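K.L.:
Residue numbers (UniProt numbering): 1 to 347. Once you've had a glance at the structure underneath, I'll fire off some questions.
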Amino acid sequence: MGWNSGLVVETNRTQAKKCTSARGVGAVPTVSLASSFSPSAALVRTLSTSPSALYPAAPRSFRLPENYVPPTQPPSARPPETRKSQIIRTYTSLLRSTPIIIFFQHNNLTAVEWAAVRRELSVALKAVGPVDVGGADGKEVDLSSHVKLQVLRGRMFNVAMRIVEFHDPKGVSEDTTYNHDLSRVAYQAIKSAEEARDPNSIHATMEPLLSGPIAALCLPAVSPAYLAAALSVLAPGPASPAPTRRARPSYYELETQNALAKLMLVGGRIEGKPFDHQGVAWVGGIKGGLAGLRAQVVHLLQSAGLGLSTTLEGAGKALYVSLESHRQNLEPKKEETAEDGKEENKE
């Protein structure tokens, strides 16, 4: 047993020397993979790790049609991924969902001045409190946190106004699949309106007012009280006077006054109708809010009804008075005739 083990060790040393002499000092004898792995194991490994087994190949003949439209990105006349397209969509949504938009022309206000204006505006709006906005439930709502003053991009807002006025998605034919604000249908509607050039359209009326740098005060509901509070800060007037220095000293700070001097009220869009600065001041001057406006409407209707009834009754009354006076004039003559007849009978 010891002789055999010594022979095996000697044989290994001899083989190692042969490998060293053939490949150089430090060479490592290679081991064949065939001696380590059986054919069946290699076959199983190949089948389990091949790409065709993990991911089945797609048929080469599959191809999307040329008119294929992704459901998340409908076709449009403008590139929908650009920032201008998203701004136009934002402005169209603002015009459709905001009943009161008041426009101001601003002249290079700094960030500090804008912060001062928004601070004073927030203080004035919070002082109003909850008001009736004409909801179905009749509850009063606090709108102070929802009134926003933002700077507009004039050209993009001009395009959005044309889309809202001249493009009606509900009026598009049923054959048209896509009728969103950036669709080709909306683009064609705008072009047709530009060719017609109706001078009485809302866009034609407000376009001259929206030239230059424009800021917008947006109210989410019709509330003369909140509009008057905002105008008392941004554009004081007889209907909405500015706060006194004793009540609000911060309003008379230099930065705030410099900022307000650079703001000019040019008009507004209320319930889809254009208003100039005098019309905006009139809406803000309605006393009592919506309740006061309803009372004024009721009084106007009652006055009109009373005036109509008085007019209709006037002709009848005049005829009655004429006939009555004529009757009274005829009665003495009848009495005189009767007396003459009695005297003649006596004779």
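All C-beta atoms in this analysis are idealised placements derived from N, C-alpha and C, irrespective of residue type, glycine included. This structure is a prediction, so every number in the text was calculated from the model and none was measured.
Whole angstroms are fine: how far does the CA of His167 sit from the CA of Ser201?
P.N.:
Just so you know, the alpha carbons of Ser201 and His167 end up roughly 13 angstroms apart.
K.L.:
Would you say the stretch 143–150 touches the stretch 251–263, given that touching needs at least three Cβ pairs under 8 angstroms?
P.N.:
no
K.L.:
Helix, strand or coil for Phe62, going by three-state DSSP, please let me know.
P.N.:
coil
K.L.:
What is the rounded straight-line gap between the Cα of Gln105 and the Cα of Ala216?
P.N.:
9 angstroms
K.L.:
Between which two residues does the alpha helix (DSSP H) holding Lys191 run?
P.N.:
184–196
K.L.:
Run through DSSP, which three-state label would Val280 get?
P.N.:
helix
K.L.:
Along the chain, where does the beta strand (DSSP E) containing Ile101 start, and where does it finish?
P.N.:
100–106
K.L.:
Measuring CB to CB, does His277 end up less than 8 angstroms from Leu293?
P.N.:
no
K.L.:
For a quick check, are the C-beta atoms of Val283 and Leu219 less than 8 angstroms apart?
P.N.:
no
K.L.:
Alpha carbon to alpha carbon, what distance is there between Pro79 and Arg270?
P.N.:
Note on residue identity: the sequence assigns Ile, not Arg, to residue 270. Rounded to whole angstroms, Ile270 to Pro79 spans 31 angstroms at the Cα level.
K.L.:
How many Å lie between Leu234 and His146 at the Cα?
P.N.:
17 angstroms
K.L.:
Return yes when the Cβ of Val185 is within less than 8 angstroms of the Cβ of Thr92, no when it is not.
P.N.:
No; because the gap between Cβ atoms is not below 8 angstroms, this pair is not in contact.
K.L.:
Tell me, to the nearest whole angstrom, how far the beta carbon of Ala229 is from that of Ala127; I am working on the premise that it is less than 8 angstroms.
P.N.:
7 angstroms
K.L.:
Below 8 angstroms between beta carbons: does that hold for Glu120 and Ser303?
P.N.:
no
K.L.:
Using the C-alpha atoms, what's the distance from Gln188 back to Glu195?
P.N.:
11 angstroms
K.L.:
Is Leu109 helix, strand or coil when you go by DSSP?
P.N.:
Residue state, collapsed to three classes: coil.
K.L.:
Which residues share a DSSP beta bridge with Ile270?
P.N.:
Answer is Ile100, Lys273, bridged to Ile270.
K.L.:
Quick one: give me the first and last residue of the alpha helix (DSSP H) that Ala228 is part of.
P.N.:
224–234
K.L.:
Between Leu43 and the rest of its own chain, which residues show a CB-CB distance below 8 angstroms, the 5 nearest in sequence each way excluded?
P.N.:
Low confidence applies here, because Leu43 scores a pLDDT of 46, under 50, leaving its location unreliable and the question unanswered by this model.
K.L.:
Assuming residue 363 contacts Leu210 (C-beta within less than 8 angstroms), just tell me the rounded distance between them.
P.N.:
Because residue 363 is not part of the residues shown, which for the chain are 1 to 347, the question remains open.
K.L.:
Please report the residue range of the alpha helix (DSSP H) in which Val151 lies.
P.N.:
Note, Val151: premise wrong, no alpha helix (DSSP H); beta strand (DSSP E) at 148–152.
K.L.:
Going by C-alpha distance, which of Val117, Asn179, Thr98 is nearest residue 380?
P.N.:
Nothing can be reported for residue 380, as the shown portion of the chain is limited to 1 through 347.
K.L.:
Quick one, which of Val222, Pro238, Ser232 has its alpha-carbon nearest Ile100's?
P.N.:
Ranking Val222, Pro238, Ser232 by Cα distance to Ile100 puts Val222 first.
K.L.:
At which residues does the alpha helix (DSSP H) containing Leu260 begin and terminate?
P.N.:
254–261
K.L.:
Can you name the start and end residues of the alpha helix (DSSP H) that Ala221 belongs to?
P.N.:
It is not in any alpha helix (DSSP H) - Ala221 carries neither H nor E in the DSSP assignment.
K.L.:
Please report the Cβ distance between Gly237 and Phe103, rounded to the nearest whole angstrom; I am assuming they are in contact, meaning their Cβ atoms lie under 8 angstroms.
P.N.:
The pair is not a contact, with the Cβ atoms about 16 angstroms apart (cut-off 8 angstroms).
K.L.:
Which residues share a DSSP beta bridge with Glu140?
P.N.:
Asp132
K.L.:
Which residue from Ser309, Val298, Gly212, Lys317 puts its Cα closest to that of Lys262?
P.N.:
Gly212
K.L.:
So what's Leu215 in DSSP terms, helix, strand or just coil?
P.N.:
In the sequence on display, residue 215 carries Ala and not Leu. Of the three classes helix, strand and coil, the one that applies to Ala215 here is strand, per DSSP.
K.L.:
Does the Cβ of Asp198 have 16 or more other Cβ atoms within 10 Å, making it buried, or fewer, making it exposed?
P.N.:
exposed
K.L.:
Between which two residues does the alpha helix (DSSP H) harbouring His203 extend?
P.N.:
202–206
K.L.:
Alpha carbon to alpha carbon, how far is Tyr252 from Leu231? Give it in angstroms, no decimals.
P.N.:
16 angstroms
K.L.:
Nearest-angstrom Cα distance between Arg89 and Gly272?
P.N.:
18 angstroms
K.L.:
Output yes or no for whether 8 angstroms exceeds the beta carbon distance between Asp142 and Gly134.
P.N.:
no
K.L.:
By how many angstroms is the C-alpha of Ala204 removed from the C-alpha of Ala242?
P.N.:
33 angstroms
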